[in-house]
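Be aware that the sequence shown starts at 14, since it is given in the numbering used here, and climbs by one per residue. In what follows, a single structure is set out as structure tokens and then discussed.
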Amino acid sequence: MPLAVEKQHIIRLYRQLLTSSRNLKYTDKSYYRSRVQDEFRRNQDVSDPTKQERLYKKGMFILNNDLGGLR
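What follows is the structure in structure tokens.
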């Protein structure tokens with residue numbers, strides 16, 4: 014059974030995703046930021062550790078693989 018992702022890691026991921034919008038070339042920066050904010054807001058009440066881990070990994074994948082037109 015996976016452990017719940019710590020709140021501080023989720024906050025760090027959120028900030029990193031928002032900060033990464035500065036480097037966007039192929040995607041509108043305001044659209045990207047609003048999508049990130051909407052996704053985090055939509056999933057803020059997720060309490061299932063398995064789903065939390067899956068969402069966290071999805072966010073890390075987007076960040077680490079420059080998805081969204083980051084570079």
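The C-beta atom is built at its ideal place from N, Cα and C for all residues, glycine as well.
- Within the region 33-65, the runs of alpha helix (DSSP H) that reach at least 4 residues and sit entirely inside it are, in chain order, 42-55.
- Taking a 10 Å sphere around the C-beta of residue 30, we find 16 or more other C-beta atoms and assign the residue as buried.
- Between residue 34 and residue 42, the C-beta spacing is below 8 Å.
- Within the same chain, and ignoring the five residues on either side of residue 18 in sequence, the residues whose Cβ sits closer than 7 Å to its Cβ are 65, 66 and 69.
- In this structure, residue 76 lies away from residue 37, with their beta-carbon atoms at least 8 Å apart.
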